[in-house]
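Residue numbers (this note's numbering), protein chains in the order written: chain A, 285 to 554; chain B, -10 to 243. In this text, a Cβ means the ideal position worked out from N, Cα and C, and glycines have one as well.
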């Protein structure tokens, strides 16, 4: 594994794993406490439509995915503020429409299926320098926004109605949250693939929730856990010659199962 | 100004042609302690939303402290219903600090004064020692006190409570109402509840809501009426729904 670090692609993979964990831990925490993991899933799958369009029109797939992710996030939030349409129905529709349109675009464009597989299941060993820049910039933006608006994010997540009565611009905060979620989803697609994005956003945060009593502690622990899962998954995948995204998810799921058992025993003793 | 909350001919709801509350008139004078009683689905929460300016009525006018509710709702301390078994990683102190959000700008940090005010209100509600605890580790009754402390942290003129008795067990109900009575010396209190038996003698006026609203004035609650029935409560029936209005007289009840 240490020898592997001599390769540029492995250095990229390690850096992307670490940068990805920061976004993953912070946004994953917000997604988890707001019970919005299906929203993250639907954004991820909707962005597949953007990938398809990018292959068809010949522009950067990252731009296509980001665009579709952002549009779907805004679309869902617009629908959910109108109570008449059920949010989960809108999310399910977005989820399926993204996949369907992506599939059609890709079929027409005649793209080689290996490219497709890398988006669906991640391509950690093929992370480019521009992907790393994307991750670094996103991390900086997330850290600035969350530290600056921490009390607002905490308040809106805990009790939206009360926050609104206190004069907090709840729609604005929700909007920022959804956009950051969309951008994080696209970044994580590079690591674990769009199918497994939900797991990466929710598992580290769910484990962190069991052991922490405040939102910022949960964010830090979730980021550390995500980094550990990413790096151990990457190493193991390298040694066993397996796809890293999948190994990362298996390790995360294993850790989640283990902490559920630990939690069960702890609460049984207490 | 004597009128704190004034509703005139208010009709509101969520779906057209199906108003949840219909043609409601309500006047709450300063320093009142009003209990609004009604069955589930009777429009209690809708009434609160209208007063808070979260729901714009289809017809009629709403005034809080003589101004539209959207403007004067910063003077209302809102205490929502306690949701049991809710998991959210937040400390008691951070919950109470939410009541100070309107005093700090966006991006700005909570100041020393904000923390002092939060602590003072936790003290007032007798839950100061829980400040560092996680909200989920508290009992429903303690959570309720924290939510009241949060509402009071903004120094409101009106306290609005949604189903406050639901999370207080019968043994502590008396002390809970004593606490509200104490707060009532400086703050106008309005609470809504479906639990008819839970309305205490500390309450100064009672209104019943079930789509329409009927205020029971002083006379009806007077000692003489209670005595006429030979017991400290009476049955009132209007709109086909009979209910009790309690008049606990400390002299007659052992």
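Residues sharing a beta bridge with residue i, DSSP
i: residue 197/B; result: 26/B and 203/B
i: residue 18/B; result: -8/B
i: residue 430/A; result: Per DSSP, none; premise fails for residue 430/A.
i: residue 120/B; result: None, per the DSSP bridge assignment.
i: residue -1/B; result: 13/B
i: residue 7/B; result: 4/B
i: residue 56/B; result: 53/B
i: residue 80/B; result: 123/B
N-terminal and C-terminal residue of the alpha helix (DSSP H) that residue i is part of
i: residue 474/A; result: 454 to 476
i: residue 128/B; result: Segment: none, residue 128/B is in no alpha helix (DSSP H) and carries neither H nor E.
i: residue 311/A; result: 292 to 317
i: residue 329/A; result: 321 to 341
i: residue 391/A; result: 371 to 393
i: residue 509/A; result: 499 to 524
i: residue 279/B; result: Outside the shown range of chain B, which is -10 to 243, sits residue 279/B, and nothing can be said about it.
i: residue 87/B; result: Element bounds for residue 87/B: n/a, residue is neither H nor E.
i: residue 168/B; result: 159 to 172
i: residue 110/B; result: 101 to 113
i: residue 495/A; result: 481 to 495
i: residue 447/A; result: 444 to 449
i: residue 410/A; result: Unbroken run through residue 410/A: none, as it is neither H nor E.
Neighbouring residues, chain A, relative to residue i (Cβ below 7 Å)
i: residue 123/B; result: 497
i: residue 41/B; result: 449
Residue i, enclosing beta strand (DSSP E) - first and last residue
i: residue 50/B; result: 48 to 53
i: residue 179/B; result: 177 to 182
i: residue 151/B; result: 147 to 151
i: residue 68/B; result: 65 to 68
8 Å contact criterion, which residue i and residue j should meet: CB distance rounded
i: residue 572/A; j: residue 475/A; result: Shown here, chain A extends from 285 to 554; a query on residue 572/A therefore has no answer.
i: residue 547/A; j: residue 494/A; result: 5 Å
i: residue 312/A; j: residue 486/A; result: 6 Å
i: residue 136/B; j: residue 68/B; result: 5 Å
i: residue 184/B; j: residue 155/B; result: 7 Å
i: residue 335/A; j: residue 348/A; result: 5 Å
i: residue 66/B; j: residue 149/B; result: 7 Å
i: residue 482/A; j: residue 325/A; result: 4 Å
i: residue 199/B; j: residue -2/B; result: Their Cβ separation, rounded to whole angstroms, is 17 Å, which puts residue 199/B and residue -2/B out of contact at 8 Å.
i: residue 510/A; j: residue 488/A; result: 4 Å
i: residue 24/B; j: residue 182/B; result: 6 Å
i: residue -7/B; j: residue 41/B; result: About 14 Å separates the two Cβ atoms, so there is no contact after all.
i: residue 435/A; j: residue 90/B; result: 7 Å
i: residue 303/A; j: residue 463/A; result: Not really, about 18 Å apart at Cβ, beyond 8 Å.
i: residue 438/A; j: residue 10/B; result: Their Cβ separation, rounded to whole angstroms, is 33 Å, which puts residue 438/A and residue 10/B out of contact at 8 Å.
i: residue 375/A; j: residue 323/A; result: 6 Å
Amino acids of chain A, ordered along the chain, whose beta-carbon sits closer than 8 Å to that of residue i
i: residue 44/B; result: Correct list: empty, because the minimum Cβ distance to chain A is about 11 Å.
i: residue 90/B; result: 435, 436, 439, 447, 450, 451 and 452
i: residue 62/B; result: 449
i: residue 34/B; result: Those do not exist, as residue 34/B stays about 11 Å from chain A at its closest Cβ, beyond 8 Å.
Listed by chain order, chain B residues near residue i by CB distance under 7 Å
i: residue 304/A; result: The contacting residues do not exist; residue 304/A stays about 23 Å from chain B at best.
Check: residue i C-beta below 6 Å from any heavy atom of the ligand ATP
i: residue 541/A; result: With respect to the ligand ATP, the structure offers nothing, as it holds no ligand at all.
Interface partners of residue i on chain B, CB under 9 Å
i: residue 432/A; result: 95 and 96
Interface partners of residue i on chain A, CB under 9 Å
i: residue 115/B; result: None at all; the shortest Cβ gap to chain A is about 22 Å.
i: residue 69/B; result: 443, 445 and 446
i: residue 99/B; result: 435
request  = Quick one: which residues of the region 484 to 501 of chain A get their C-beta closer than 8 Å to a C-beta of chain B? List them in chain order.
outcome  = For the region 484 to 501 of chain A, the set of positions with a beta-carbon nearer than 8 Å to some beta-carbon of chain B reads 493, 496, 497, 498, 499 and 501 in chain order.
task = Mind checking the region 440 to 459 of chain A against chain B and listing, in chain order, the residues whose C-beta falls within less than 8 Å of any C-beta there?
result = Flagged, chain order: 441, 442, 443, 445, 446, 447, 448, 449, 450, 451, 452 and 453.
message = What are the residues in the region 390 to 402 of chain A lying within 8 Å of chain B by C-beta distance?
response = Along the region 390 to 402 of chain A, there is no position whose C-beta sits under 8 Å from a C-beta of chain B.
request  = Using a Cβ-Cβ cut-off of less than 9 Å, give me the residues of the region 296 to 320 of chain A that come near chain B, in sequence order.
outcome  = Those residues of the region 296 to 320 of chain A that come within reach of chain B (Cβ to Cβ, closer than 9 Å) are 313 and 317.
ask   = What residues in the region 75 to 89 of chain B have a beta carbon less than 9 Å from any beta carbon of chain A?
value = The residues in question are 76, 77, 78, 79, 80, 83, 84, 86, 87, 88 and 89.
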